[in-house]
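Enquirer:
Protein chains: 2
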Amino acid sequence: MVRAFMQQNKPLQGIIVGYIGLGNMGRPGARHLHQAGADVVVWNRSDGPAREAESLGMRRANSPAHLGQLVGDGIVCLNLTTTEVVEQIVFGAEGLSKGLSANALVIDFGTTDVAATRRFAEKLAWIDAPVSGGQVGAEAATLTIMAGGSTENFHRALPILQTVGKRVTHMGDSGAGQVTKLANQLIVAQTIDAVAQALRLAELSGVDSGKVREALLGGFAESRILQLHGDRMVRRDFVAGGRAVLQLKDVHLICKLAELVGFSSPTLENCRAQWEQMVLQDGLGDLDHSGLFKLYE
Amino acid sequence: MVRAFMQQNKPLQGIIVGYIGLGNMGRPGARHLHQAGADVVVWNRSDGPAREAESLGMRRANSPAHLGQLVGDGIVCLNLTTTEVVEQIVFGAEGLSKGLSANALVIDFGTTDVAATRRFAEKLAWIDAPVSGGQVGAEAATLTIMAGGSTENFHRALPILQTVGKRVTHMGDSGAGQVTKLANQLIVAQTIDAVAQALRLAELSGVDSGKVREALLGGFAESRILQLHGDRMVRRDFVAGGRAVLQLKDVHLICKLAELVGFSSPTLENCRAQWEQMVLQDGLGDLDHSGLFKLYE
Numbered sequence: 588m589v590r591a592f593m594q595q596n597k598p599l600q601g602i603i604v605g606y607i608g609l610g611n612m613g614r615p616g617a618r619h620l621h622q623a624g625a626d627v628v629v630w631n632r633s634d635g636p637a638r639e640a641e642s643l644g645m646r647r648a649n650s651p652a653h654l655g656q657l658v659g660d661g662i663v664c665l666n667l668t669t670t671e672v673v674e675q676i677v678f679g680a681e682g683l684s685k686g687l688s689a690n691a692l693v694i695d696f697g698t699t700d701v702a703a704t705r706r707f708a709e710k711l712a713w714i715d716a717p718v719s720g721g722q723v724g725a726e727a728a729t730l731t732i733m734a735g736g737s738t739e740n741f742h743r744a745l746p747i748l749q750t751v752g753k754r755v756t757h758m759g760d761s762g763a764g765q766v767t768k769l770a771n772q773l774i775v776a777q778t779i780d781a782v783a784q785a786l787r788l789a790e791l792s793g794v795d796s797g798k799v800r801e802a803l804l805g806g807f808a809e810s811r812i813l814q815l816h817g818d819r820m821v822r823r824d825f826v827a828g829g830r831a832v833l834q835l836k837d838v839h840l841i842c843k844l845a846e847l848v849g850f851s852s853p854t855l856e857n858c859r860a861q862w863e864q865m866v867l868q869d870g871l872g873d874l875d876h877s878g879l880f881k882l883y884e
Numbered sequence: 588m589v590r591a592f593m594q595q596n597k598p599l600q601g602i603i604v605g606y607i608g609l610g611n612m613g614r615p616g617a618r619h620l621h622q623a624g625a626d627v628v629v630w631n632r633s634d635g636p637a638r639e640a641e642s643l644g645m646r647r648a649n650s651p652a653h654l655g656q657l658v659g660d661g662i663v664c665l666n667l668t669t670t671e672v673v674e675q676i677v678f679g680a681e682g683l684s685k686g687l688s689a690n691a692l693v694i695d696f697g698t699t700d701v702a703a704t705r706r707f708a709e710k711l712a713w714i715d716a717p718v719s720g721g722q723v724g725a726e727a728a729t730l731t732i733m734a735g736g737s738t739e740n741f742h743r744a745l746p747i748l749q750t751v752g753k754r755v756t757h758m759g760d761s762g763a764g765q766v767t768k769l770a771n772q773l774i775v776a777q778t779i780d781a782v783a784q785a786l787r788l789a790e791l792s793g794v795d796s797g798k799v800r801e802a803l804l805g806g807f808a809e810s811r812i813l814q815l816h817g818d819r820m821v822r823r824d825f826v827a828g829g830r831a832v833l834q835l836k837d838v839h840l841i842c843k844l845a846e847l848v849g850f851s852s853p854t855l856e857n858c859r860a861q862w863e864q865m866v867l868q869d870g871l872g873d874l875d876h877s878g879l880f881k882l883y884e
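Those protein sequences? They're chains A and B, same order as listed.
Position 191 of the first sequence, counted from 1, bears residue number 778 in the numbering used here, the numbering being contiguous throughout.
Position 235 of the second sequence, counted from 1, bears residue number 822 in the numbering used here, the numbering being contiguous throughout.
1) Could you check the C-alpha separation between A:Asp626 and A:Met645 for me, to the nearest Å?
2) Sort out for me which residues DSSP pairs B:Thr698 with in a bridge.
3) Contact criterion: CB-CB distance below 9 Å. Does B:Asn857 meet it with respect to chain A?
4) Compare the Cα-Cα distances from B:Ala728 to each of B:Gly613, B:Ile603, B:Leu855 and report the closest residue.
5) B:Tyr883 touches chain A at which residues, Cβ-Cβ below 8 Å?
6) When burial is assigned at 16 or more other CB atoms within 10 Å of the CB, is A:Ser792 buried or exposed?
7) Rank B:Ala725, B:Pro717, B:Gln814 by C-alpha distance to the C-alpha of B:Thr767 and give the top, closest one.
8) Let me know if A:Gly764 comes out buried or exposed under the rule of 16 or more other beta-carbons within 10 Å of its beta-carbon.
9) Hey, how far is the Cα of A:Pro746 from the Cα of A:Asn740?
10) Please report how far the alpha carbon of A:Lys685 lies from the alpha carbon of A:Ala703, in whole angstroms.
11) Assuming B:Arg705 contacts B:Ile732 (C-beta within less than 8 Å), just tell me the rounded distance between them.
12) Would B:Cys664 and B:Gly605 qualify as a contact pair, given that the criterion is a beta-carbon distance under 9 Å?
13) So, is the C-beta of A:Met865 closer than 9 Å to a C-beta in chain B?
14) Please give the ranges of any alpha helix (DSSP H) in the region 625 to 660 of chain A, keeping only runs that are unbroken, at least 4 residues long and fully inside the region.
15) Looking at B:Ala827 and B:Leu882, is the spacing between their C-beta atoms short of 9 Å?
16) Find the nearest neighbour of B:Arg859 within the set B:Gly762, B:Gly849, B:Gln834, B:Asn666, judged by alpha-carbon distance.
17) Could you tell me the boundaries of the beta strand (DSSP E) in which A:Gly752 lies?
18) Please check if any C-beta of chain B sits within less than 9 Å of the C-beta of A:Met612.
19) Looking at C-alpha atoms only, which residue of B:Leu786, B:Glu846, B:Gly805, B:Ala808 is the closest neighbour of B:Val821?
20) Using only alpha-carbon positions, find the residue among B:Thr698, B:Glu801, B:Thr669 that is nearest to B:Ala734.
21) Chain B partners of A:Val794, CB-CB under 7 Å?
22) Give the DSSP-derived three-state secondary structure of B:Asp875 in the structure shown.
23) Which word fits A:Ala689, buried or exposed, when buried means at least 16 other C-beta atoms lie within 10 angstroms of its C-beta?
24) For chain B, is any of its Cβ atoms less than 9 Å away from the one on A:Gln675?
25) How many Å lie between A:Gln906 and A:Val782 at the Cα?
26) Report buried or exposed for A:Val589, applying the criterion of at least 16 other Cβ atoms within 10 angstroms of its Cβ.
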């Protein structure tokens, strides 16, 4: 009974999991896996988060290649910021792939270029598993996860995915998770713009934007963006949260995907111009992405 | 007891209410008021809906002016399609205002130009009370209502508003309801475009759009539009519902308001161009507004 109870609460007991990238998203991810009983080995570019993980009982590798050796044919999770960083840390000189066994599996939780993802998946067993839900979802292990890769690899990754997230969907082959995440980001980027315009237009017309937001939450304009980011706009609270510079990074990935598959839209071009205006011209990239509102003030 | 019970179930007993415009939205509106005990007098441009109302026990006027006479100092509801039609039916040759007492109150449920609304409200006691929730909400009396006008007039209109809707908010002075509705429509128009692009981009990238929609409903991209109109796009079911030509009409009202208050945005200009493309160039105005998806096929 005691043993069954422990197994139930430590579903990852006996599994070795590497974790590279202990930022806002990776730190809680590694912690959830550790608490679920996995033997977690971490590596991080800066020292602090790696030491913190060590103090919680996780092991620490000296380099991505060293982490690969320690993990052997286990699973490695990535929570890195850009496609370039993923490429360098996995396939670079001291890279993960130098140490990793051919039987290992990589899970990329980041939002990464679709074409690059397909290329990586030709070299290593790879699941693209970008998430939605932000830091709050990461802390609470309630992330929405959109996964791409072979069915076999997906099922191997599933216990990990279900430990850090709540809604896990296998979207299709390699890259399908990234495509889904970019679809998500396209909607988020454009809905933030729509909500910003609507609230600002109301203000300029002499109507209280907080009242407008509340009235609209009951109707067809209702959205998570109106609820959360609309509230930030009403209160002029643009402390990040989700930084605008990362939103622009995703908009650029969307445009790259659109070019790859021959999709074009004046709305998407305008969307790119709006986020570039905020981040590159106005220098507001460190604000929360709801700060796009400032374009209209 | 019996009398109290009847009053409870007929809260509008003894109140005379005129109803002009018995289309998809007005027909259920008039019926709800009749069922709540009001003495409803109708007028409609075409004969059928007026006769139907008569057969249900409502009275029928010969003209808007005649309806005004029959209503006296009661309340008149309008459910008309455009600002021009409102102006003509209320202030035209045989118009409502010719028969109406100075103590009557007009409630305009339509989406009407803000500046025109303020002008009308200088001539007659007027509540602008545009709604969100569509025909489904009108039938179920669950409309969201955004009202503008003086506090006194708002309280006089409230029993009527609460009979046909569920969430009723007093947004401010005359026009404030229309401003709020246009904020709503701005978000709807642009979110439909965003969802259309996201789902089409996913399809072109080889990912099932139905799966994408479902996966996204749990995250930050969640919205009523993704839920309802996203589903229509996935199934390619563009039978109206809410006709695109009316969405374009509202986009034009948004642009007029933006000009009035000195608000400008490249996103709004692009939004106008997209809906004009669908309705004016491609001739798809009779489709549901989710049919904007066709711009991307």
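Quick reminder that beta carbons are idealized off the backbone N, C-alpha and C, glycines included.
Expert: Let me lay it out:
1) Those two C-alpha atoms are separated by around 7 Å.
2) Under DSSP, B:Thr698 forms no beta bridge with any residue.
3) Taking 9 Å as the CB threshold, B:Asn857 lines the interface with chain A.
4) B:Gly613
5) Those within 8 Å of B:Tyr883 in chain A are Phe850, Ser852.
6) buried
7) B:Pro717
8) buried
9) 11 Å
10) A:Lys685 and A:Ala703: Cα-Cα distance of roughly 19 Å.
11) That belief does not hold up - the Cβ atoms of B:Arg705 and B:Ile732 are roughly 19 Å apart, past 8 Å.
12) yes
13) no
14) 634 to 642, 651 to 658
15) no
16) B:Gln834
17) 752 to 759
18) No, because no Cβ of chain B sits closer than 9 Å to the Cβ of A:Met612.
19) B:Leu786
20) B:Thr698
21) Going along chain B in sequence order, the residues near A:Val794 (Cβ under 7 Å) are Met758, Gly759, Ala763, Val766, Thr767.
22) strand
23) exposed
24) no
25) Chain A is shown from 588 up to 884; residue 906 of chain A falls before or after that span and cannot be answered.
26) Unreliable placement is indicated for A:Val589, whose pLDDT of 45 sits below 50; no coordinate value is reported for it.
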